[in-house]
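Letter 188 of the sequence shown, counting from 1, is numbered 188 in the UniProt record's numbering, and no numbers are missing.
Below you'll find the structure, written out as structure tokens, and then a few comments.
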Amino acid sequence: MTEFKVNCSVSRKDLYEGEVKLERKTGLRDIVPEFELIEVSSAQSPVEVSTQLEQDEFEFPLFSFAHAEVQESNEDEANKANYDESGNKTELQLTKITLRESPCETFKQERPQSYYFARYSKEELTTFEESAIDYDTIFKDAKIGPIVGWERSSRKTVVDITQCNEEIERAILREERQRRARPSKRQRLGKRLGAEREREREAKDKQIKKLLKKKFHKRGGKKNKKSTTSSKMARISPFPK
Numbered sequence: 001m002t003e004f005k006v007n008c009s010v011s012r013k014d015l016y017e018g019e020v021k022l023e024r025k026t027g028l029r030d031i032v033p034e035f036e037l038i039e040v041s042s043a044q045s046p047v048e049v050s051t052q053l054e055q056d057e058f059e060f061p062l063f064s065f066a067h068a069e070v071q072e073s074n075e076d077e078a079n080k081a082n083y084d085e086s087g088n089k090t091e092l093q094l095t096k097i098t099l100r101e102s103p104c105e106t107f108k109q110e111r112p113q114s115y116y117f118a119r120y121s122k123e124e125l126t127t128f129e130e131s132a133i134d135y136d137t138i139f140k141d142a143k144i145g146p147i148v149g150w151e152r153s154s155r156k157t158v159v160d161i162t163q164c165n166e167e168i169e170r171a172i173l174r175e176e177r178q179r180r181a182r183p184s185k186r187q188r189l190g191k192r193l194g195a196e197r198e199r200e201r202e203a204k205d206k207q208i209k210k211l212l213k214k215k216f217h218k219r220g221g222k223k224n225k226k227s228t229t230s231s232k233m234a235r236i237s238p239f240p241k
């Protein structure tokens, strides 16, 4: 890849006062400024790429506070730090840190062609051809005309589409009216209260009837015996019993 750099210097005086001079000059050399071409390669060398990869991934003592700090100048202290209390040699645990970005996984989701295009077998195509009506057959049958004597026959059936649709709509409306919809909450509460009040009214009517019966109905006996004329006449009657 090549990059072009243009080196030119323009003063404020040339911008505002140089218009008249440019008009008077006719040569292109005076108008076009001088510039030089410099080629710059943007491709990185393999050494730079390898160093960049090494910088992206490195080892680092993450939990280094558990180990003693080792100085290169003092070898005795470094040897002591590498051994624990029992005398076993300990290794400095390093954790690997990577700054590289994981490559993005691309998933290719495609539907099969059968989702978009229908493929029929030979048997299905033959059934379609047999059941379908061809363009030529329509015009061929149209030239035949009506059957002789069809108007007089009792077998003829003429269907009026508008009348048929009206009957269907009437039937649908009848079904919707007959369909029992669920009553609302207020209607259900009112129905329940009405049933309770009817039961209370029936109980009150029964109680009133019972009280009336008790008041006007008296049992037979000496206390409640009625002295009527019929009983006296029965005693005085001359006819023997």
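Beta carbons are placed, not taken as given, at the ideal position from N, Cα and C, and that holds for glycine.
Being a predicted model, the structure only gives us computed values, none of them experimental.
Asked                                                                                                                : Found
Bridge partners - Glu-59, DSSP secondary structure assignment                                                        : Lys-96
Phe-65 - DSSP class collapsed to helix/strand/coil                                                                   : With a pLDDT of 47 at Phe-65, under the threshold of 50, the predicted position of this residue should be treated as unreliable, though the coordinate-derived value follows. Correct three-state label for Phe-65: helix.
Distance CB(Lys-96)-CB(Glu-39) smaller than 7 Å                                                                      : no
Three-way DSSP call (helix, strand, coil) for Arg-201 in this model                                                  : helix
For Glu-166 and Val-159, the rounded distance between their alpha carbons                                            : 13 Å
Nonlocal neighbours in the same chain, by C-beta distance under 7 Å from Glu-176, ignoring five residues either side : none
Exposure of Leu-22, with buried meaning 16 or more beta-carbon neighbours within 10 Å                                : Confidence at Leu-22 is low in this model, with a pLDDT of 45, below 50, so its placement is unreliable and the value that follows should be read with caution. Burial call: exposed.
Collapsed DSSP secondary structure at Lys-210 in the structure displayed                                             : helix
Cβ neighbour criterion (16 or more within 10 Å) applied to Arg-12                                                    : exposed
Span separating the alpha-carbon of Gly-194 from that of Lys-214                                                     : 31 Å
Coil, strand or helix - Ala-132 by DSSP                                                                              : coil
Boundaries of the alpha helix (DSSP H) in which Cys-164 is found, first to last residue                              : 161-178
C-alpha gap between Gln-187 and Arg-197, whole angstroms                                                             : 15 Å
DSSP-derived helix/strand/coil call for Ile-38                                                                       : coil
Inter-residue Cα distance where the pair is Gln-109 and Glu-129                                                      : 37 Å
Cβ neighbour criterion (16 or more within 10 Å) applied to Asp-14                                                    : exposed
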